[in-house]
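A short worksheet on the structure shown next.
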Amino acid sequence: MPKFSSIEREKINKLILEKGEKLFNEKGFNSVTAEEVAREVGIAKGTFYHFYKNKEHLYMVINNRLQDQIYKNLQKLLLLNEEIPQKERFYILLCYIMEAFIKNPLIINIDAEIWERIEMKAPRECINENNERDLKIVKMLDQERFCFRYDLESTMKLLQLQFLQLSHIKKETQNLELMKIVLKALAEHLIKED
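Residue numbers 1 to 194, in the UniProt record's numbering, belong to the letters of the sequence shown in order.
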């Protein structure tokens, strides 16, 4: 590997993350290659592999960073909206998640087959970080004492199914408004009366 100072390594890594995120969002996971990311950054393909094991590794690092930011913002939203009714609070959370996913399609444009491949090829610690964050979100919802109509596991499955539909929604205003109507109905149904 070429000798890079710590500042150069940091700069290159930042560029790999930025360009990788841009490419995954624009082209989808399957269409992006490590070589393409390296070319966008202006480094040799071999140099890419000194930073990341493969594109699955890069994807998981980017995905984990984005989801970590979403999680932190969800925590802030819950604190800011403590005084409003549960159904409205839950609806606000759902809308935030929808908007974050639409802004970052790389998070939701992963089907089961692709996810299986990512799980096999990405470093185990990246997969574990992702799984632990999902559990933190479930625990956060549980700690907020939302009065769900169904058990937490069933509620999460219903939400996952709904958010899978986001991969079919474009950024058109009409579609976003329709999705907000669906999320409002979902919040009304999933949360028991306050």
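All residues carry an ideal CB built from backbone N, CA and C; glycine is no exception.
Considering just the uninterrupted stretch of the alpha helix (DSSP H) at residue i, what are its terminal residues?
{"i": "D68", "result": "55 to 80"}
{"i": "A112", "result": "112 to 121"}
{"i": "I84", "result": "Looking at the DSSP string, I84 is not in any alpha helix (DSSP H), and its letter there is neither H nor E."}
Look at the Cβ atom of residue i, then the Cβ atom of residue j, and state whether they are nearer than 8 Å.
{"i": "L79", "j": "L93", "result": "no"}
{"i": "I70", "j": "E21", "result": "no"}
{"i": "M60", "j": "C126", "result": "yes"}
{"i": "Y91", "j": "L161", "result": "no"}
{"i": "L106", "j": "N175", "result": "no"}
{"i": "N109", "j": "G28", "result": "yes"}
{"i": "F148", "j": "I97", "result": "no"}
{"i": "Q67", "j": "F146", "result": "no"}
{"i": "V41", "j": "I12", "result": "yes"}
With distances taken from CA atoms, which of the options is nearest residue i?
{"i": "G46", "options": "K139, A34, I181", "result": "A34"}
{"i": "Q143", "options": "Y59, Q75, E36, K22", "result": "Q75"}
{"i": "H189", "options": "L176, L159, F163", "result": "L159"}
{"i": "N30", "options": "E177, N64, I97, E113", "result": "E113"}
{"i": "E56", "options": "D68, A44, V37", "result": "V37"}
{"i": "L43", "options": "L23, R9, G28", "result": "Just to set this straight, residue 43 is Ile in the shown sequence, not Leu. Of L23, R9, G28, the residue nearest in Cα terms is R9."}
{"i": "N64", "options": "S5, N131, I12, M120", "result": "N131"}
{"i": "D134", "options": "A122, P123, E193, L152", "result": "L152"}
Opposite residue i in the DSSP bridges: which residues?
{"i": "F148", "result": "I191"}
Using 8 Å as the threshold, is the segment 50 to 62 in touch with the segment 8 to 17, meaning 3 or more CB pairs across them? Taking 8 Å as the limit for Cβ pairs, the verdict is that the segment 8 to 17 does touch the segment 50 to 62.
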